[in-house]
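Those protein sequence lines, which keep their order, are chains V and U.
Per the numbering used here, the first sequence starts with residue 36, numbered consecutively.
Per the numbering used here, the second sequence starts with residue 36, numbered consecutively.
The beta-carbon is built from N, C-alpha and C at its ideal position, and this holds for glycine as well.
Computed from a prediction, not measured in an experiment: that's the story for all the values here.
Protein chains: 2
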Amino acid sequence: MSRPQTQEQAVDAEGDSSLYRNDEEGTQSSHRMLGFSDALLSIIATVMILPVTHTEISPEQQFDKSIQKLLATRIAVYLMTFLIVTVAWAAHTRLFQVVGKIDDTLALLNLACMMTITLLPYTFSLMVTFPDVPLGIFLFCMCVIAIGSVQALIVGYAFHFPHLLNPQIQYSTHRALSRQHVLRLVLRGPALCFVAAVFSLFFFPMSYLLMVTIIFLPHISKAISWCKDKFMGPREPPAHSVESFNIDLHAPLSKERVEAFSDGVYAIVATLLILDIWLLDKCHLFMLPSEDNVPDPKDVQEKFSGSLVTALGAYGPQFLAYFGSFATVGLLWFAHHSLFLHVRKATQTMGLLNILSLAFVGGLPLAYQQTSAFARQPRDELERVRVSCAIIFFASIFQFAIWTAALLHQAETLQPAVRFGGREHAFMFAKLALYPCASLLAFAATCLLSRFSTAIFHLMQIAVPFAFLLLRLLVRLALATLQVLWGLRPWHPQPCLVEPEAQSQLLPAPC
Amino acid sequence: MSRPQTQEQAVDAEGDSSLYRNDEEGTQSSHRMLGFSDALLSIIATVMILPVTHTEISPEQQFDKSIQKLLATRIAVYLMTFLIVTVAWAAHTRLFQVVGKIDDTLALLNLACMMTITLLPYTFSLMVTFPDVPLGIFLFCMCVIAIGSVQALIVGYAFHFPHLLNPQIQYSTHRALSRQHVLRLVLRGPALCFVAAVFSLFFFPMSYLLMVTIIFLPHISKAISWCKDKFMGPREPPAHSVESFNIDLHAPLSKERVEAFSDGVYAIVATLLILDIWLLDKCHLFMLPSEDNVPDPKDVQEKFSGSLVTALGAYGPQFLAYFGSFATVGLLWFAHHSLFLHVRKATQTMGLLNILSLAFVGGLPLAYQQTSAFARQPRDELERVRVSCAIIFFASIFQFAIWTAALLHQAETLQPAVRFGGREHAFMFAKLALYPCASLLAFAATCLLSRFSTAIFHLMQIAVPFAFLLLRLLVRLALATLQVLWGLRPWHPQPCLVEPEAQSQLLPAPC
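See the structure below:
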């Protein structure tokens, strides 16, 4: 029954690409686990938009100050929890750049990490809803400490079994130093939270101050080291840092994880749009626009069974709003996808701009809810169209900013095709600029033609998808027009090698 | 400014792994787009559990027949929409096995496909809620026809630009035949729906019959061809089929897409557990178990500011239920992950069993809701514990069945380590058998000790995670015990090459 080791390894090698057998049992690729973590975290980050969309505002309450204050509070809570969860996600990304491969125990520890992170929005919103009850701050700090503990366990376990580490650290001669460094980073936030929890028992304003510090800690430490460099001159890097794995906060993000997290946000937002239509508003769809009470299915049958057309007519605005909003989310995803196809490395700045863009994408269900309410409350449609345009504008302009930030370091962050002078440069510009321009135009149009604001908005929602479909054609037409107008030499979209000194050229260079 | 083509290609090759430049503009890898599609479809498939969990059942209504009927209807709608969306997802998977690479237009067409698929649950639930209104059937059929049209467009576009096709089809000499075959498969369901839509205008029971046929069409056609083979003997395969790409319904599923879809379901279910706690039930958490009205934050402060311990005590059951349920979902994911690490190819049967398992996983928020209600309604806890145990049992037993189905064709579906006699075989058995056994045990225990049913359930929820952590140790102990009891030769977990004829051996073969 026994065979030489080599034969079995040969058989295994055929299909064993996901298992790394280094004489250690059960070592696995972390790819799927990280994808699952990104999906979970992205959904958790976005769900705090639900209380905002569920804030029932009846027509009489429109201008009630307390309702407006409640809505504003919930929007602020959404933005803050989104930020907090993405900070936790970024920390998770850095942690798993230290850990290269995983085994069963690490997979289970990661699940524990996920569980603790998913409690963050909940404890945070408790803290905000009941600011004077120390319990809220206490629970939030406990949550952060729990996250830190689990992550410290993960670090400890990985360093105990070095074959699990990232190869750069694994073969480094300063592994113990790296371990201390990583643990320090992981436990920094939780340590501050521990102090904040202690303060919460007798002087909680101090707790809030400490927690604000935690959120901005990465940026504060970056600013501090920048100041140090400026004032004390560039220091000699310590001898061991040449070999140390650069896991601090300046390291580029893993592109794959940024994409996975972003996809999760886009997917859950697209789904929330559906939820808003039919799960919580289902019966309203059978009503005529001006009614508010929920009908019996029998009433519905009497009302519509004679006339399909009437029924479809009643659906009309809802479906239009749904299609329009789904198209918006889908096309924003499409632009993101197109951009990141050409990204080699994602810098910290790009990551931050991406988070900001996603935060506004998460606000789209709110925009949808506002615009679908038109059919029922024709007043204030101007306000609502403007809110929607603003949300779409910010979501898309931050996407454009990602590309701009990338262009500043284009040699390392972008592939040649989309750099200045690259053949896809103009198309990328068009894809990313389309929504900012369209929403800005729609906003401006509502200032001039406020009576037709709904029509303008729906026109934008229908025109932009077609513009995307015909994008390449439109861009070529536009460039040809520019040539004719400005008498440029003809530009042919052929591949060009862009030299570093040509970065300042804003127009594609002729080849 | 111009450089020879080769230099630029060399520079591009460095980081251009995601773009395939075959002289065609913008050809891209479909990987991220398919991951996004899987995330979206998995969330859409699972959200129909929300109406079930939101079915408010006050204590007085417990035994109201109409409420029970409503609940049963909603559960049935959930299961059916889950099945329908997974049928659409499977069709999408097959479609993108035909399409190898994508470009911008295909990415946009896929977004349109996603939009139409996301309307499926909505139109289906409309149809079910208002069964006598032809509008419901009509809208559902329109939705299916829309999906078919977009997919036919995708097929037509891909065949028009053959470099986008799967290489096997692209270089086949019978591309036109393949195209017809694919179009036939894609348009089969929509064609039937068209007929059903026509019938819905004057005789809708026929429509329902036709639509049932559509759901079971893949299996019906498989059964028909099996019968044909039996009765008419194996036919000579047509000359061209040797070269044709085998895209019919017997082809194995893409393992990556099965994993991505499953991850989406697990992630959204884990999130729904959070939602059930704090989004829709937030204020209840500050109440003592027997109260039902929502308190003012000021009341809360008065109640708890004096005693943190009391407050935490009030939270206790909710948090325990949350941790327990999150642990269940997380560990079911972990078992799925462990299994699919060792899967080479996923057969149709494995795919079907996976869908069934995921459908029950989607029911876990219902189980959670039932068990978290204990703190408020101590009666009927026995019923609820049993429902929860049953859901967990079915979710996990179908997972075990996937592995069993794989073992039947282990040479092609599994990697050597988990086959009969493989060194991971016993551990895989333990991982997949743990939840079925634990839930069955808990169910049985509630029959004997019905007074302690809650405690039994929580004990199970706490014990199983620890069992997973100590799994390898426990399995080794168990095997050692078996040896002692049954006087077997000592078994050492060393790699063995399992010969095909040794498949019947149920115990690991000594080496």
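Which term fits Phe131(U), buried or exposed, when burial requires 16 or more other beta carbons within 10 angstroms of its beta carbon?
Phe131(U) comes out buried.
Contacts that Ala430(V) makes with chain U (C-beta to C-beta distance below 7 Å):
Near Ala430(V) there are no residues of chain U at all, since even the closest Cβ is about 16 Å away, more than 7 Å.
Hey, how far is the Cα of His460(U) from the Cα of Phe501(V)?
In a straight line, the C-alpha of His460(U) is about 54 Å away from that of Phe501(V).
Please list the partners that Ala305(U) has in chain V, where partner means a Cβ-to-Cβ separation under 9 Å.
Ala305(U) reaches chain V at Leu75, Ile78, Ile79, Met149, Met150, Thr153, counting residues in chain order whose Cβ is nearer than 9 Å.
What do you get for His319(V), buried or exposed, if any count of 16 or more other CB atoms within 10 angstroms of its CB means buried?
Confidence is the limiting factor: at His319(V) the pLDDT is only 40, short of 50, which leaves the residue's position unreliable and the question unanswerable from this model.
For Met149(V), collect the residues of the same chain with a Cβ closer than 7 Å to its Cβ; drop the 5 residues on either side in sequence, then sort them by chain order.
Taken in chain order, the residues that qualify are Ser72, Leu75.
Would you kindly report the start and end of the unbroken alpha helix (DSSP H) that includes Gly61(V)?
Per DSSP, Gly61(V) belongs to no alpha helix (DSSP H) and is neither H nor E.
Cβ-based neighbour list, Val248(U), same chain, cut-off 8 Å, excluding 5 preceding and 5 following
Reading off the sequence, residue 248(U) comes out as Thr, not Val. Closer than 8 Å at Cβ, skipping near neighbours: Leu227, Ile255.
In chain order, what residues of the same chain have a beta carbon less than 7 Å from the beta carbon of Ile204(U), not counting five sequence neighbours either side?
Correct list, in chain order: Val133, Arg210, Ser213, Phe280.
Assuming Gly135(V) and Leu188(V) are in contact, meaning their beta carbons sit under 8 Å apart, how far apart are those beta carbons, in whole angstroms?
Going by Cβ atoms, the distance from Gly135(V) to Leu188(V) rounds to 17 Å, so no, they are not a contact pair.
Proximity winner among Tyr157(U), Ala232(U), Gly61(U), relative to Met83(U) (alpha-carbon distances)
Out of Tyr157(U), Ala232(U), Gly61(U), Tyr157(U) has the C-alpha closest to the C-alpha of Met83(U).
Cutoff 8 Å; reference Leu174(V); Cβ partners in own chain excluding five residues on either side
Short of 8 Å from the beta carbon of Leu174(V), and not among the five residues preceding or following it, lie these beta carbons of its own chain, in chain order: Thr158, Leu161, Met162.
By the criterion of Cβ-Cβ separation under 9 Å, what are the contact partners of His372(U) in chain V?
Neighbours of His372(U) on chain V, chain order: Gln63, Arg67, Met68, Phe71, Ala142.
Can you give the Cα-Cα distance for Asp139(V) and Gly359(V), rounded to whole angstroms?
Taking the Cα positions, Asp139(V) is about 44 Å away from Gly359(V).
Helix or strand or just coil, what does DSSP make of Leu236(U)?
Collapsing the DSSP output to three states places Leu236(U) in coil.
Could you check if Ser431(U) is buried or exposed, using at least 16 other CB atoms within 10 Å of its CB as the buried criterion?
The residue in question, Ser431(U), is buried, as its Cβ has 16 or more Cβ neighbours within 10 Å.
What in chain V is Cβ-close to Tyr301(U), meaning under 9 Å?
Chain order gives the chain V residues near Tyr301(U) as Phe71, Ala74, Leu75, where near means a beta carbon separation below 9 Å.
Rounded to whole angstroms, what is the Cα-Cα separation between Glu493(U) and Tyr357(U)?
As written in the sequence, residue 493(U) is His, which differs from the Glu given in the question. Going from the Cα of His493(U) to the Cα of Tyr357(U) covers about 11 Å.
Taking the CB atoms as reference points, tell me whether Cys178(V) and Thr151(V) lie closer together than 8 Å.
If you check the CB distance, Cys178(V) and Thr151(V) come in under 8 Å.
Show which residues of chain U have a CB atom less than 7 Å away from the CB atom of Tyr243(V).
For Tyr243(V), none of the residues of chain U pass the 7 Å Cβ criterion, the least Cβ distance being about 17 Å.
Could you have a look at Lys136(U) and say whether DSSP puts it in helix, strand or coil?
Here DSSP, grouped into helix, strand and coil, assigns Lys136(U) to strand.
Of the residues Gln404(V), Ser373(V), Phe266(V), Leu449(V), which one's Cα is nearest the Cα of Phe361(V)?
Cα-wise, what sits closest to Phe361(V) is Gln404(V).
Just to confirm, are Ala295(U) and His377(U) a CB contact at a threshold of 8 Å?
Not closer than 8 Å, so no.
Can you tell me which of Ala440(V), Phe375(V), Ile390(V) puts its alpha carbon nearest to the alpha carbon of Arg67(U)?
Closest by alpha carbon: Phe375(V).
Buried or exposed: Arg379(V), going by 16 or more other Cβ atoms within 10 Å of its Cβ?
Classification of Arg379(V): buried, given that the 10 Å Cβ count is 16 or more.
Assigned secondary structure, Leu505(V) (DSSP; H/G/I helix, E/B strand, else coil):
Here DSSP, grouped into helix, strand and coil, assigns Leu505(V) to coil.
Neighbouring residues, chain V, relative to Val82(U) (Cβ below 9 Å):
Neighbourhood of Val82(U) in chain V, by CB distance below 9 Å: Thr306, Ile309, Leu310, Leu314, in chain order.
Along the stretch 286 to 297 of chain V, where does the CB come closer than 7 Å to a CB of chain U? Name the residues.
Those residues of the stretch 286 to 297 of chain V that come within reach of chain U (Cβ to Cβ, closer than 7 Å) are Glu294.
Does any residue of chain U have a CB that is nearer than 8 Å to the CB of Leu146(V)?
Contact of Leu146(V) with chain U is assigned, a C-beta pair being separated by under 8 Å.
Can the beta-carbon of Val519(U) be found less than 8 Å from the beta-carbon of Thr481(U)?
No, Cβ-Cβ distance for Val519(U) and Thr481(U) is not below 8 Å.
What's the C-alpha gap between Trp261(U) and Leu467(U)?
Spanning the two alpha carbons is a distance of roughly 32 Å.
Output the distance between the C-alpha atoms of Ala274(U) and Val293(U), rounded to the nearest integer angstrom.
Residue confidence is low: Ala274(U) scores 45 on pLDDT, short of 50, so the model does not pin down where it sits. No coordinate-derived value is stated.
Can you say whether His127(U) is buried or exposed, counting buried as having 16 or more other CB atoms within 10 angstroms of its CB?
For His127(U), the number of other beta carbons within 10 angstroms of its own is at least 16, and it is reported as buried.
What number of angstroms, rounded off, separates the C-alpha of Thr116(U) from the C-alpha of Ala80(U)?
Here the alpha carbons of Ala80(U) and Thr116(U) stand approximately 7 Å from one another.
Reducing DSSP to helix, strand and coil, say where Trp484(U) ends up.
Reading off the sequence, residue 484(U) comes out as Leu, not Trp. It is coil, neither helix nor strand.
Sort Gly365(U), Leu218(U), Thr382(U), Ala258(U) by Cα distance to Ile288(U) and report the nearest one.
Ile is not the amino acid found at residue 288(U); the sequence shown has Leu there. Ranked by Cα distance from Leu288(U), the options Gly365(U), Leu218(U), Thr382(U), Ala258(U) are led by Thr382(U).
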